[in-house]
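Trainee: Take this structure first; my questions come after.
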Amino acid sequence: MSQEKDLESRRRFLKVAAGTAAAAAVVGGLPRIARAADLPHVAESDPTAKALDYVEDASKSKNPKRKPGDVCANCQFYTDPSAKAYGPCQLFPGKSVNAKGWCVSHTARKA
Numbered sequence: 445m446s447q448e449k450d451l452e453s454r455r456r457f458l459k460v461a462a463g464t465a466a467a468a469a470v471v472g473g474l475p476r477i478a479r480a481a482d483l484p485h486v487a488e489s490d491p492t493a494k495a496l497d498y499v500e501d502a503s504k505s506k507n508p509k510r511k512p513g514d515v516c517a518n519c520q521f522y523t524d525p526s527a528k529a530y531g532p533c534q535l536f537p538g539k540s541v542n543a544k545g546w547c548v549s550h551t552a553r554k555a
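Numbered by the numbering used here, the letters in the sequence shown go through residues 445 to 555 in order.
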């Protein structure tokens with residue numbers, strides 16, 4: 445009988461722990477999404493932007509490495525593909541880039 449209570453107690457603990465972990469994951473993701481819209485935009489004059497030949501409008505890039513259709517929105521470093529105007533980029537921490545922009549580090553996102 446004691447073993448059954450221990451088993452039930454363990455099951456209850458595991459259910460609560462799993463629920464708490466799931467809730468923490470969901471809540472932990474919310475601030476990141478909310479903050480993405482509030483990030484300052486990267487200026488083309490930014491030292492990192494200059495080093496990566498970043499342009500706000502990919503169609504205006506004169507870099508021969510740019511292929512037609514390459515834009516920030518379809519790059520693996522653009523961390524919010526659902527962002528239509530500006531979104532976060534791993535190469536510019538704490539800033540957002542234009543979804544229609546481009547830089548020399550563009551790497552196509554794998555589907």
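Yeah, the Cβ is synthetic: ideal placement off N, Cα and C, and Gly gets one too.
#1: In whole angstroms, give me the CA-to-CA distance for valine 548 and tyrosine 498.
#2: Pull up the distance between the alpha-carbon of arginine 553 and that of serine 489, whole angstroms please.
#3: Can you give the Cα-Cα distance for glutamine 447 and lysine 459, rounded to whole angstroms?
#4: Which residues bound the alpha helix (DSSP H) around proline 491?
#5: On a CA-only basis, which of Cys519, Ala495, His485 is nearest tyrosine 530? Give me that one, please.
#6: Provide the residue span of the beta strand (DSSP E) that contains glycine 545, from first to last.
#7: Less than 6 Å between C-beta atoms, sequence neighbours within five positions excluded: which residues of the same chain meet that for leucine 496?
Mentor: Looking at the atomic coordinates:
#1: Going by C-alpha positions, valine 548 is about 7 Å away from tyrosine 498.
#2: Rounded to whole angstroms, arginine 553 to serine 489 spans 26 Å at the Cα level.
#3: Their backbone Cα atoms lie some 18 Å apart in a straight line.
#4: Proline 491 -> alpha helix (DSSP H) spans 491–495.
#5: The candidate whose alpha carbon is nearest that of tyrosine 530 is His485.
#6: Looking at the DSSP string, glycine 545 is not in any beta strand (DSSP E), and its letter there is neither H nor E.
#7: Cys547, Val548, Ser549.
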